[in-house]
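Peer 1:
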Amino acid sequence: MGTLVGHVAPGMGFLLIGLWHLFNHIKLHALHPTSYTAPPWFPASKLRHLELFLIMAGSAASVAMELFIGPKSHQPLDPDGTIPSNHLHNFEHSSISLTFFSYALLSLLLDKYSSRLSSHHHVRAAKYGLTQFLGAVAFGQQLLLFHLHSADHMGPEGQYHSLLQLAILVSVITTLMGIGYPKSFMVSFIRSLSIFSQGVWLVVMGFMLWTPSLIPKGCFMHFEEGHHVVRCSGEESLHRAKSLVNLQFSWLLIGIAVFGTSLYMGLVLIYGEDQKVEYFSLGLKEFEDDQEDDDQDTDDVESQKKSEVAISGTSKSFIEMGKSSFGHIDIER
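Taking full-length UniProt numbering, the leading residue of the sequence shown gets 1, the next gets one more, and so forth.
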């Protein structure tokens, strides 16, 4: 993984998976805002388990590259069968890939055979929870091995990996939260953005650390233990390089937030239009019903007033007739 391709290739994998999840979660929530439930992965239209197959293929390719294709001897062990020091990071990277391969394979088996075991609601809920748990284990393994990495990451490369761990930590937390809050759109939205952020940051790391023209001033590439690393000539150059990495991450954080929010607004305008029309029609109908009720109330009040006027007029006429009659009697007397 200590090369440009070794970072860009897995970075593109995380980027595409995160973007795929982000798109589908927003679309699903826009179409079904009241009954939204987040799936742990999204089936494709023609091949249901395409996402899981791609994760397994990418993970298998990563393991093969780290252990068999990358090393000069095309195998990572010493003649006595032990792991040499310069291949420890290869085993760590391949262990991360193996964990994601296991996640995809077990998720596929759970989806394929759980329906044969039972169609009960509790079985489906357990399948969902187990799939999320496997995803959290994969992200947790990734976080652990990057945190305890055997390679020397004291320079700019170490700063890149330290900030990468923040994005991985968010993926771990939101994946675990998804077990208890499957209907929370924001949990799924943030998890998808964190996976997408991992991919973007790995791609940035690959280009910035292994493109000579992009290495910070005062730093240089140095070949150590079978791979190239970036070293700086002094404390001032090292501090400047780390500060530039921090700035890149802060700009990336702003860009990811703007991108995610913009994508949400755009997809809601596209896929949420039927819902908007339905809500508007419902609101218009309720408004018309209220207007009809108001008109009926007005008519009732007017008719009541007319009745009161008629009654008062009738009463008044009776009183006047009585007065006139009594007055006539008195005159005759």
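Note that CB positions come from ideal geometry on N, CA and C, so glycine has one too.
Can you tell which of G180, L252, Q165 and H21 has the C-alpha that lies nearest to the C-alpha of F133?
Peer 2: Taking the sequence shown and counting its residues from 1, one reaches residue 133 at position 133. Of G180, L252, Q165 and H21, the residue nearest in Cα terms is G180.
Peer 1: Which of helix, strand or coil does DSSP assign to H93?
Peer 2: Stepping through the sequence shown from its first residue, residue 93 is reached at position 93. Helix, per DSSP.
Peer 1: For L108 and M12, what's the separation of their Cα atoms in angstroms?
Peer 2: Along the sequence shown, one-based indexing puts residue 108 at 108. Along the sequence shown, one-based indexing puts residue 12 at 12. Spanning the two alpha carbons is a distance of roughly 22 angstroms.
Peer 1: So, is residue 340 buried or exposed, given that buried needs 16 or more other C-beta atoms within 10 angstroms?
Peer 2: A query on residue 340 cannot be resolved here, the shown segment of the chain reaching from 1 to 333 and no further.
Peer 1: Using the rule of at least 16 other Cβ atoms within 10 Å of the residue's Cβ for burial, across every protein chain shown, is A257 buried or exposed?
Peer 2: Translated into the one-based positions of the sequence shown, residue 257 becomes position 257. So A257 counts as exposed.
Peer 1: Can you give me the C-alpha to C-alpha distance between M205 and G6, rounded to a whole angstrom?
Peer 2: As a first step, residue 205 is located in the sequence shown; it is residue number 205 there, counting from the start. As a first step, residue 6 is located in the sequence shown; it is residue number 6 there, counting from the start. Computed Cα separation, rounded: 10 angstroms.
Peer 1: Name the two residues that bound the continuous alpha helix (DSSP H) containing H25.
Peer 2: Position 25 of the sequence shown, counted from the first residue, corresponds to residue 25. Run containing H25: L4 to L31, per the alpha helix (DSSP H) assignment.
Peer 1: Inspect the beta-carbon positions of T174 and A138 and report whether they are closer than 8 angstroms.
Peer 2: The residue given as residue 174 occupies position 174 in the sequence shown. The residue given as residue 138 occupies position 138 in the sequence shown. Cβ atoms of T174 and A138: not closer than 8 angstroms.
Peer 1: Output needed for S59: all residues of its chain with C-beta closer than 6 angstroms, excluding positions within five of it in sequence on either side, in chain order.
Peer 2: Counting from one through the sequence shown, the residue named residue 59 turns up at place 59. For S59, where only same-chain residues beyond five positions count, the Cβ hits under 6 angstroms are S97, F100 and F101.
Peer 1: Between H227, L15, F42 and I55, which lies nearest to Y128 when the distance is taken from Cα to Cα?
Peer 2: Taking the sequence shown and counting its residues from 1, one reaches residue 128 at position 128. Considering only alpha carbons, the answer is F42.
Peer 1: Would you check if the distance between the CB atom of H149 and the CB atom of E92 is smaller than 8 angstroms?
Peer 2: Here residue 149 is taken as the residue at index 149 of the sequence shown, counted from 1. Here residue 92 is taken as the residue at index 92 of the sequence shown, counted from 1. Going by C-beta atoms, H149 is nearer than 8 angstroms to E92.
Peer 1: According to DSSP, is R48 helix, strand or coil?
Peer 2: Start at 1 with the first residue of the sequence shown, and residue 48 comes out as number 48. The answer is coil: DSSP assigns R48 none of H, G, I, E or B.
Peer 1: Once DSSP output is grouped into helix, strand and coil, what is the label at F42?
Peer 2: Within the sequence shown, the letter at position 42 stands for residue 42. It is coil, neither helix nor strand.
Peer 1: Buried or exposed: Y160, going by 16 or more other Cβ atoms within 10 Å of its Cβ?
Peer 2: Taking the sequence shown and counting its residues from 1, one reaches residue 160 at position 160. The residue in question, Y160, is buried, as its Cβ has 16 or more Cβ neighbours within 10 Å.
Peer 1: Tell whether a beta-carbon distance below 8 angstroms holds between F14 and G199.
Peer 2: The count along the sequence shown starts at 1 and reaches residue 14 at position 14. The count along the sequence shown starts at 1 and reaches residue 199 at position 199. Taking 8 angstroms as the Cβ cut-off, F14 and G199 qualify as a contacting pair.
Peer 1: At the level of alpha carbons, what is the spacing between K72 and L244?
Peer 2: Locating residue 72 in the sequence shown gives position 72, counting from the first residue. Locating residue 244 in the sequence shown gives position 244, counting from the first residue. So the two alpha carbons sit approximately 34 angstroms from each other.
Peer 1: What is the rounded straight-line gap between the Cα of I55 and the Cα of P10?
Peer 2: Counting from one through the sequence shown, the residue named residue 55 turns up at place 55. Counting from one through the sequence shown, the residue named residue 10 turns up at place 10. Taking the straight line from one Cα to the other gives about 10 angstroms.
Peer 1: Mapping the DSSP letters down to three states, classify residue 339 as helix, strand or coil.
Peer 2: Because the chain spans 1 through 333 in this model, residue 339 falls outside it and cannot be assessed.
Peer 1: Buried or exposed: T82, going by 16 or more other Cβ atoms within 10 Å of its Cβ?
Peer 2: Stepping through the sequence shown from its first residue, residue 82 is reached at position 82. Classification for T82: exposed.
Peer 1: Between the Cα of A126 and the Cα atoms of N90, L77, G178 and Q165, which residue gives the shortest distance?
Peer 2: As a first step, residue 126 is located in the sequence shown; it is residue number 126 there, counting from the start. Measuring from the Cα of A126, the nearest candidate turns out to be G178.
Peer 1: On the DSSP bridge list, what partners appear for R231?
Peer 2: One-based indexing of the sequence shown puts residue 231 at position 231. R231 is bridged to F220.
Peer 1: Tell me which residue opens and which closes the alpha helix (DSSP H) that E66 is part of.
Peer 2: Within the sequence shown, numbered from 1, the residue matching residue 66 stands at position 66. Careful: E66 lies outside any alpha helix (DSSP H) and carries neither H nor E.
Peer 1: Which residues in the same chain as F185 place their Cβ atom closer than 8 angstroms to its Cβ, once the five residues preceding and following it in sequence are excluded?
Peer 2: As a working mapping, residue 185 is identified with position 185 in the sequence shown. Once the five neighbours on either side are set aside, the close Cβ partners of F185 are H25, H29, Y36 and A38.
Peer 1: Around the Cβ of P212, are there at least 16 other Cβ atoms within 10 angstroms (buried) or fewer (exposed)?
Peer 2: Counting from 1 along the sequence shown, the entry for residue 212 is found at position 212. Its Cβ having fewer than 16 others within 10 Å, P212 is exposed.
Peer 1: Where T3 and P33 are concerned, what is the direct C-alpha to C-alpha distance, given to the nearest angstrom?
Peer 2: In the sequence shown, residue 3 corresponds to position 3, counting from 1. In the sequence shown, residue 33 corresponds to position 33, counting from 1. T3 and P33: Cα-Cα distance of roughly 44 angstroms.
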